[in-house]
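**Student:** Right, I'll just put the structure down here and ask away after.
The following block contains the structure:
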């Protein structure tokens, strides 16, 4: 139960951060309350998403999220929205958490109620971002695998 609550908190924090970044990209800040958002529907949808995950998967995603710095999480969200690369420091952070963690977190976050509609656009960008980090930073820390393009 506690683990589900932690993942739920992570979910709320990340979706809020990404939604606010999306709103800022439109050059106007749209309060979360004014987005086309039904709290009951969103809660039920995300609750079902979590209910279909095994405890092992929840623990894996929690471990992954604990390895990523919050600074790099914000930088990654902005980079995904703007389709721009991230700093070398954050590339190192992403590569050190590992490809499975990166892909797992991205798939989880973009399966949520608020972000599922942009997943087809953003998920390929996350792979592109990962591959760019592999090209630029991997030789310094080892050789993580790139995603197939």
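In mature numbering (1 follows the signal peptide of the UniProt record, and there is no 0), the protein residues as written are -23 to -1, 1 to 126. Positions of the beta carbon are idealized from the N, C-alpha and C atoms, including for glycine.
As a quick exercise: from 72, 118, 82 and 78, pick the residue whose alpha carbon is nearest that of residue 108.
**Tutor:** Mapped onto the chain shown, residue 108 falls at position 131. When each option's Cα is compared against that of residue 108, the closest is 72.
**Student:** Our contact map puts residue 19 next to residue 91 with C-beta atoms below 8 angstroms; I'd like the distance itself, whole angstroms only.
**Tutor:** Here residue 19 refers to the residue found at position 42 of the chain shown. Here residue 91 refers to the residue found at position 114 of the chain shown. Contact flag correct, Cβ pair sits at about 6 angstroms.
**Student:** So, for residue 41: in the same chain, excluding its five sequence neighbours on each side, which residues have a beta-carbon less than 7 angstroms away from its beta-carbon?
**Tutor:** As a first step, residue 41 must be located in the chain shown, where it is residue number 64. Closer than 7 angstroms at Cβ, skipping near neighbours: 74, 78, 81 and 82.
**Student:** Which whole runs of the alpha helix (DSSP H) in the region 8 to 63 are 4 residues long or more, in chain order?
**Tutor:** The region 8 to 63 contains these whole alpha helix (DSSP H) runs: 16 to 28, 32 to 44 and 47 to 59.
**Student:** Following the continuous alpha helix (DSSP H) through residue 77, name the residue where it begins and the one where it ends.
**Tutor:** Stepping through the chain shown from its first residue, residue 77 is reached at position 100. Segment 76 to 86, the alpha helix (DSSP H) holding residue 77.
**Student:** By Cβ distance below 8 angstroms, which residues in the same chain neighbour residue 65 in space, the five residues on each side in sequence not counted?
**Tutor:** Translated into the one-based positions of the chain shown, residue 65 becomes position 88. Once the five neighbours on either side are set aside, the close Cβ partners of residue 65 are 113 and 114.
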